[in-house]
Amino acid sequence: MMDMAAALVDGDRRALSRAITLVESTRDDHRTTAQALLEEVLPHTGKATRIGVTGAPGVGKSTFIDAFGSMLVAKGRRVAVLAVDPSSTETGGSILGDKTRMTTLATNPAVYIRPSPTAGHLGGIGRRTRDAVLFCEAAGYDPVIVETVGVGQSETTVDKVTDLFLLLVAPGGGDDLQGIKRGIMELADLVVVNKADGPTRDLAASTAADYRRAVHLLRPKHPGVETPVLTCSSTEPQGIDTVWHELSSLRETLLTSGAIRMQRRSQAVDQFEQEFRDSLYQRAAERDGFAAIHADLVEQVTEDRLSVTAASRQLIDRLWPSNS
Ligand SMILES: Nc1nc2c(ncn2[C@@H]2O[C@H](COP(=O)(O)OP(=O)(O)OP(=O)(O)O)[C@@H](O)[C@H]2O)c(=O)[nH]1
Ligand SMILES: [Mg+2]
Numbered sequence: 013m014m015d016m017a018a019a020l021v022d023g024d025r026r027a028l029s030r031a032i033t034l035v036e037s038t039r040d041d042h043r044t045t046a047q048a049l050l051e052e053v054l055p056h057t058g059k060a061t062r063i064g065v066t067g068a069p070g071v072g073k074s075t076f077i078d079a080f081g082s083m084l085v086a087k088g089r090r091v092a093v094l095a096v097d098p099s100s101t102e103t104g105g106s107i108l109g110d111k112t113r114m115t116t117l118a119t120n121p122a123v124y125i126r127p128s129p130t131a132g133h134l135g136g137i138g139r140r141t142r143d144a145v146l147f148c149e150a151a152g153y154d155p156v157i158v159e160t161v162g163v164g165q166s167e168t169t170v171d172k173v174t175d176l177f178l179l180l181v182a183p184g185g186g187d188d189l190q191g192i193k194r195g196i197m198e199l200a201d202l203v204v205v206n207k208a209d210g211p212t213r214d215l216a217a218s219t220a221a222d223y224r225r226a227v228h229l230l231r232p233k234h235p236g237v238e239t240p241v242l243t244c245s246s247t248e249p250q251g252i253d254t255v256w257h258e259l260s261s262l263r264e265t266l267l268t269s270g271a272i273r274m275q276r277r278s279q280a281v282d283q284f285e286q287e288f289r290d291s292l293y294q295r296a297a298e299r300d301g302f303a304a305i306h307a308d309l310v311e312q313v314t315e316d317r318l319s320v321t322a323a324s325r326q327l328i329d330r331l332w333p334s335n336s
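Once you know that position 162 of the sequence shown is 174 in this note's numbering, the rest is easy, because the numbers rise by one and skip nothing.
Rendered as structure tokens:
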């Protein structure tokens, strides 16, 4: 146990992989071990830049991270990438696709890439991703990058585990801009129009102008800081340096203002509340007769014989009769 913590803090990749596997496990003993390990390495966490990269399928997130990560490795950084794929439980194959697209990074010893299957847990970003980020930090990776496909609620929950939220978009007309949910735009710290190369170079520039106008109309995420909109090409690559420069200077601003500290605190509170709810449910599920009572109430609810509120109350009263 101590050995594993020491190895992890020492940057041992196998220890890191094992730690994340434990965190993702549904087995109780694994989770207990994972939490004990996390307690031990916690003093070594908190220093990395945590970057979330989100965007619609195919905008080039993986390719961008490949170029972005390579540039950082060239600057002497050790980079971790957690690829959360909400679709992986169904398709099974897209993670493999992701890995092959990060061809440069995948073979680099200074880089740790971890596909993180979601198994339907809160659209992919939950306690497990947060803990995985912490383990990567403890192992000395900085930055830690979390890639999520912008579908469902995963993109709005990615900011529960990261400091800086990068929205990657593809060149396109006004229709595409409409397709981006306002909520995501408001969460973005930085908007980057990718594929600013070849035949889509000019379109990327005008798309960026569209986004600048759109961003201007939004309530700024950080008071007094208008969300920057940049263009880049991940394949050339070009403009990747500028993205890092913007992110770094934004991070400085937010560290100085205390915004990052505040955000991390509220993330911790959120995680605590979520954990508490999950544990309470777990306790309930361990009570005698839970399965039968639960099934009975589900049936009553689905047949409209009982309201969900009444069913929920009854469930508690029947599990803990003395409290009723
Ligand atoms: N021309 C051009 N093509 C790009 C660029 N970035 C990515 N692509 C291409 O776009 C396609 C999708 O790239 P990915 O990096 O897999 O996109 P993604 O957003 O990670 O996709 P998912 O993970 O499936 O959501 C690939 O064929 C890339 O080669 C770019 O900057 N310029
Ligand atoms: Mg990808």
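C-beta atoms are modelled at their ideal positions from N, C-alpha and C, and glycine is treated no differently.
Since the model is a prediction, treat every value here as computed from it, not as a measurement.
Under a three-way DSSP split, which group does glycine 210 fall into?
Here glycine 210 sits in helix by DSSP.
If you pair each beta-carbon of the region 222 to 242 with each one of the region 59 to 71, do three or more pairs fall below 8 Å?
Contact fails: fewer than three Cβ-Cβ distances are below 8 Å.
Quick check: the Cα distance between valine 161 and threonine 66, rounded to an integer number of angstroms?
Their Cα atoms are separated by approximately 6 Å.
Along the alpha helix (DSSP H) that carries arginine 25, what are the first and last residues, could you check?
25 to 36 is the extent of the alpha helix (DSSP H) around arginine 25.
Backbone secondary structure at proline 235 - three-state DSSP:
Of the three classes helix, strand and coil, the one that applies to proline 235 here is coil, per DSSP.
Proline 127 vs alanine 92 beta-carbon contact at 8 Å:
Between proline 127 and alanine 92, the C-beta gap is not smaller than 8 Å, which leaves the two residues out of contact.
May I ask you to report which of helix, strand or coil DSSP gives leucine 7?
Missing from the structure shown is residue 7; the chain here goes from 13 to 336 and no further.
Arginine 62 and valine 156 - do their beta-carbons sit closer together than 8 Å?
Yes; because the gap between Cβ atoms is below 8 Å, this pair is in contact.
If we count the other Cβ atoms within 10 Å of its Cβ and call it buried at 16 or more, is threonine 75 buried or exposed?
Threonine 75 is classed as buried because its beta carbon has at least 16 other beta carbons within 10 Å across all chains shown.
Leucine 54 and phenylalanine 147 closer than 8 Å at C-beta:
Against a cut-off of 8 Å, the Cβ pair of phenylalanine 147 and leucine 54 comes out as no contact.
Tell me the residue span of the alpha helix (DSSP H) that contains arginine 330.
The continuous alpha helix (DSSP H) containing arginine 330 extends over residues 320 to 331.
Under three-state DSSP, which class holds arginine 126?
Here arginine 126 sits in strand by DSSP.
Could you tell me the alpha carbon to alpha carbon distance between threonine 321 and isoleucine 328, rounded to whole angstroms?
Going by the C-alpha atoms only, they are around 11 Å apart.
Where the beta strand (DSSP E) through valine 65 begins and ends:
If you look at valine 65, you'll find it in the beta strand (DSSP E) that goes 62 to 67.
Only counting the same chain, and skipping five residues up and downstream in sequence, which positions put a Cβ closer than 8 Å to that of arginine 30?
The beta carbon of arginine 30 sits closer than 8 Å to the beta carbons of Met16 from its chain, once the five residues preceding and following it are set aside; these are given in chain order.
Could you please give me the residues that DSSP links to threonine 160 through a beta bridge?
Answer is Thr66, Val96.
Distance, arginine 26 Cα to alanine 19 Cα:
When rounded, the distance between both Cα atoms is 9 Å.
Under 7 Å from any heavy atom of ligand 2, does the C-beta of lysine 73 make it?
Lysine 73 Cβ: within cutoff of ligand 2.
How is the beta strand (DSSP E) around valine 203 delimited, first residue to last?
Counting along the chain, valine 203 sits inside the beta strand (DSSP E) bounded by residues 202 to 205.
Per the contact definition of three or more C-beta pairs closer than 8 Å, is the region 77 to 88 in contact with the region 247 to 267?
Judged by Cβ distances under 8 Å, the region 247 to 267 makes contact with the region 77 to 88, as three or more pairs qualify.
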